[in-house]
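Residues in the sequence shown are numbered from 7 upward in steps of one, following our numbering. For glycine and all other residues, C-beta sits at the position ideal for the given N, C-alpha and C. Here the structure is a predicted model, which means the values were calculated and not measured. This report concerns only the one structure given below.
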Amino acid sequence: MYESKIKDSFVDELFRAILALETEEDCYRFFEDICTIKEIQSISQRLAVAKLLKEKKTYTEIEKQTGASTATISRVNRCLIYGSDGYQRILERLEE
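Given below as structure tokens:
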């Protein structure tokens, strides 16, 4: 079983709420209420960066396509290499 560094009852409840979302509209409504627009944009940008890194794009190409800073690209790259495999798992599922 995976041991998370962020696990607590509040995070458990948040993740149960996310898993209860059934449609894209549900996601938009929930995330627009719970996050700022900037937070949603930042998270979606990181996912786009991860996808492009997996496609072996260069930092310059990724920066141009996403507007992400090299610091963000680097952070996402570290997560892809040394992280908890969260990006890998979701990118594989999105390809299906």
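Item	Value
Those runs of the alpha helix (DSSP H) which lie wholly inside the segment 12-77 and span at least 4 residues	15-26, 30-40, 43-60 and 65-72
Inter-residue spacing [alpha-carbon to alpha-carbon] between ILE79 and PHE37	23 angstroms
DSSP three-state assignment for ARG101, whether helix, strand or coil	What sits at residue 101 in the sequence shown is Glu, not Arg. Reduced to three states, the DSSP call for GLU101 is helix.
Pairwise C-alpha distance: VAL17 and GLU69	31 angstroms
Best match in ALA74, ILE43 and LYS60 for proximity to ILE96 [C-alpha to C-alpha]	LYS60
Sub-8 angstroms separation of GLN94 and ALA74 beta-carbons	no
Pairwise C-alpha distance: THR29 and LEU86	27 angstroms
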